[in-house]
Every structure is written in C-alpha cells, then in structure tokens.
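Engineer: Mind having a look at this structure? Questions to follow.
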Amino acid sequence: MPELPEVETYIRALAPLLQGKRIAGAHVYWPRTIAAPDAGAFVNLIQGRGFVHFDRRGKYMLFGLDSGETLVVHLRMTGELRVQPADMRPDKHTHLLLDLESGERLHYRDQRKFGRVWLVDDVTQVLARLGPEPLSGDFAPSGLAQALSGRTAAIKALLLDQSIVAGVGNIYADEALFHARIDPRRTGGDLTADEVVCLWQGVREVLTKGIELRGSSLGSGPQNYTPPDGLPGEAQEFHQVFRRTGLPCPVCGVPVQRVVLAQRSTHFCPSCQR
DNA sequence: ATAAGGCCCTGACCGC
DNA sequence: TGCGGTCAGGGCCTTA
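The opening position of the first sequence corresponds to residue 110 in the numbering used here, with each subsequent residue numbered one higher.
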C-alpha cells in the first residue's frame with residue numbers, strides 16, 4: 110500500500126524513465142480510472158504531450174506536461190505504474206496505457222481499481238483538501254497541535270486524515286505513534302504539547318527513514334508494493350509494530366497488540382505506548 | 001464542524 | 001475441488 114515514502118520512491122524511479130518523452134496515444138480500459146476529465150477527453154487531451162517535470166504531494170504523483178497541464182496519479186491500494194517495452198501486452202488489471210513515442214508504453218495496473226488518474230490545468234483542483242507536507246517547513250508542531258485541539262477522535266484516526274497531515278497511511282501512522290510512545294486510542298485533543306512534538310518528530314522520522322529505504326515492500330498479496338524499477342523497498346525490515354501482532358515489542362518485549370480504529374488495523378505496544 | 005459508517009473492488013483465505 | 005462468506009483498506013460520500 111503506497112504511502113508517502115512509497116510514492117516518493119515511485120516518482121524518483123519514474124522521472125529518469127519518462128523525462129522528455131512524448132505521449133503518442135492513450136487507451137483507457139476501465140473508464141472510472143480517469144477521475145477527470147471524462148475518459149474520451151482525457152485521451153484527446155493527453156496525446157502529443159511530453160513529460161517535463163515530476164513531483165509528489167502527499168500520496169499523489171504529479172507529472173508535469175509540456176502543455177502546462179499535470180497528470181495526477183493516486184495509486185490508492187493496489188495501483189502500479191510500469192514503463193514497459195512495446196511488446197509487453199497489457200493484462201486484465203491494466204486500466205490505462207500510454208503509448209510513448211520512444212516505443213515504450215506506460216502501463217497503469219490496479220487489481221482493486223481504487224486508484225485514480227486526473228489530467229488538470231491546476232492541481233489545486235485535486236489537492237485542495239490536503240494538509241501540510243510532513244517533510245517540509247509547512248508541517249510544524251504548533252500547527253499540528255492546533256489541528257488536533259478539540260478533536261475527540263482517536264489520534265490514529267486523525268493521523269490518517271489527509272487534511273491534518275498529507276501522506277501518512279496505516280503503516281507509518283502506527284510506526285509514528287510507536288516512535289512517539291503514544292497509545293493510538295488516545296483522544297487527539299488530549300495530547301499534551303510535549304506529546305504533540307514527539308508525534309511530529311515521529312511522523313518525520315518514520316517517513317524520512319521510509320524514503321531512505323525506498324518504502325515498505327510487504328509480503329505477497331494484493332497489497333504488495335514494488336517500485337517501478339523492480340528493486341524492492343526495505344523499510345518493512347524496520348517496522349517496530351506494524352503487522353507484528355503477538356511478536357515482542359523491540360523495546361520492552363511485551364507482545365504487540367492489534368485493535369481496529371477507524372476501520373483500520375492498528376498495531377501498538379500496550380506497555381511502551383501510553 | 002466533527003465523527004462514524006458505507007461504498008468501491010477483488011484476491012486471498014477459511015471452513016465445510 | 002468447489003463454494004460461500006469474510007477481510008483488507010484510501011478517500012469520498014452520506015448520515016447523525
């Protein structure tokens with residue numbers, strides 16, 4: 110499941126493969142993949158455009174085109190992008206295919222069809238609700254404290270809220286809370302100022318480490334993630350609690366516990382996290 | 001305004 | 001082997 114570190118790894122890997130290349134044509138096999146404009150307009154508008162720059166915001170990939178428009182891609186759970194040779198045929202999970210003038214093709218695959226693609230003049234249309242970028246100066250303890258104040262939902266649920274901080278998903282929310290030694294069931298508004306600072310730091314540390322390790326490539330299954338260059342990430346080796354239910358906490362040895370919060374699996378150490 | 005639950009999807013997994 | 005049921009999960013939508 111691609112979160113900020115996985116999406117960052119993705120865009121870094123794709124940039125050198127796509128830089129300067131031009132789109133000769135597009136094929137949409139599952140129209141709902143295209144969130145905007147409609148699939149027909151998308152195919153017409155994207156033809157002839159070249160990739161000129163590459164960026165990321167939260168879990169969104171941003172491909173700047175030479176027309177000034179931006180191709181925005183959100184992989185959600187199971188989306189994948191791959192640059193493939195011309196003779197690689199799309200399979201049943203390929204919902205969008207971009208033919209490049211180089212002869213290669215960019216395949217968008219997505220088993221669960223949750224991912225979405227936009228082609229927009231102005232990315233703010235898509236990104237309007239996103240909170241601060243966690244590894245930038247826009248994300249500060251004071252702002253986080255303000256966003257949490259008065260909130261009665263569990264802190265885990267609030268970390269998953271993309272309007273509070275962009276890019277944190279289930280893996281890094283659990284890891285950040287472990288880092289900050291905060292019980293994920295705590296009411297967000299009840300955190301002390303010191304705890305908010307610890308959490309701010311925890312979010313930044315786990316995301317930074319995640320990027321260094323090229324993201325978390327979890328075991329087999331539909332949620333597996335592998336970067337576009339095929340070299341798996343290694344961040345999963347350093348998960349302290351995520352999907353480690355019953356295994357000893359790496360700090361104190363007490364078994365990691367699993368609960369469900371905001372309809373999401375949540376893993377924590379009942380002894381270290383208070 | 002906030003919180004909670006449903007929905008979209010399909011492969012994996014389980015029990016029979 | 002086959003079958004039905006359950007689960008996971010990001011973001012958007014609806015409801016309270």
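Every residue, glycine too, gets a C-beta built ideally from N, C-alpha and C.
Give every residue of the same chain whose Cβ lies closer than 6 Å to the Cβ of E189, excluding the five residues on either side of it in the sequence, and list them in chain order.
Structural biologist: Only R218 meet the Cβ criterion.
Engineer: Using the three-state DSSP reduction, which class does S374 fall into: helix, strand or coil?
Structural biologist: In this structure, S374 counts as strand in the three-state DSSP scheme.
Engineer: With a threshold of 7 Å on Cβ separation, who are the neighbours of A254 within its own chain once the five nearest residues in sequence on each side are excluded?
Structural biologist: Same-chain partners within the cutoff: A302, V305.
Engineer: My output table needs one value for R185: the three-state DSSP class, helix, strand or coil.
Structural biologist: Looking at R185 - three-state DSSP - the assignment turns out to be coil, as it is neither helix nor strand.
Engineer: Short check: CB of L184 to CB of G240, under 9 Å?
Structural biologist: No, they are not a contact pair.
Engineer: Below 8 Å, how does it come out for the segment 205–212 and the segment 248–266: are there three or more Cβ pairs, yes or no?
Structural biologist: Contact fails: fewer than three Cβ-Cβ distances are below 8 Å.
Engineer: List the DSSP bridge partners of Y169.
Structural biologist: Answer by DSSP bridge pairing, in chain order: R166, H183.
Engineer: Please say whether V116 and K168 have beta carbons closer to each other than 9 Å?
Structural biologist: Yes. Within cutoff.
Engineer: Alpha carbon to alpha carbon, how far is A147 from V137?
Structural biologist: Per the sequence shown, the amino acid found at residue 147 is Asp instead of Ala. Rounded to the nearest angstrom, the two C-alpha atoms are 11 Å apart.
Engineer: Taking the straight line between their C-alpha atoms, what separation do you get for S329 and A122?
Structural biologist: Only weak support is given to the placement of S329: the predicted model assigns it a pLDDT of 48, under 50, and the question is left unresolved by the model.
Engineer: Just verifying my parser: in three-state terms, what is the DSSP assignment at F160?
Structural biologist: Of the three classes helix, strand and coil, the one that applies to F160 here is strand, per DSSP.
Engineer: Just list the residues that DSSP pairs V369 with in beta bridges.
Structural biologist: Answer is S374.
Engineer: So, using beta-carbon positions, are A275 and L174 closer together than 9 Å?
Structural biologist: Not in contact: A275 and L174 (Cβ atoms no closer than 9 Å).
Engineer: P331 to R313, Cα distance in whole Å?
Structural biologist: Here P331 scores only 49 on pLDDT, less than 50, and its place in the model should not be relied on; the value that follows carries that caveat. Near 27 Å, if we compare the C-alpha coordinates of R313 and P331.
Engineer: Can you tell me whether DSSP reads C288 as helix, strand or coil?
Structural biologist: It should be pointed out that residue 288 corresponds to His in this sequence rather than to Cys. Reduced to three states, the DSSP call for H288 is helix.
Engineer: Could you tell me which of T335, E284, K318 sits nearest to C358, measuring between CA atoms?
Structural biologist: Checked all of T335, E284, K318; the closest Cα to C358 is E284.
Engineer: Do the CB positions of P337 and R191 come within less than 9 Å of each other?
Structural biologist: Against a cut-off of 9 Å, the Cβ pair of R191 and P337 comes out as a contact.
Engineer: DSSP three-state label for G134, please.
Structural biologist: It is a strand residue.
Engineer: Going by other Cβ atoms of all chains shown within 10 Å of its Cβ, with 16 needed for buried, is H162 buried or exposed?
Structural biologist: Under this definition H162 is an exposed residue.
Engineer: On the criterion of 16 or more Cβ atoms from any shown chain inside 10 Å, does T317 qualify as buried, or is it exposed?
Structural biologist: Exposed, because fewer than 16 other Cβ atoms sit within 10 Å of the Cβ of T317.
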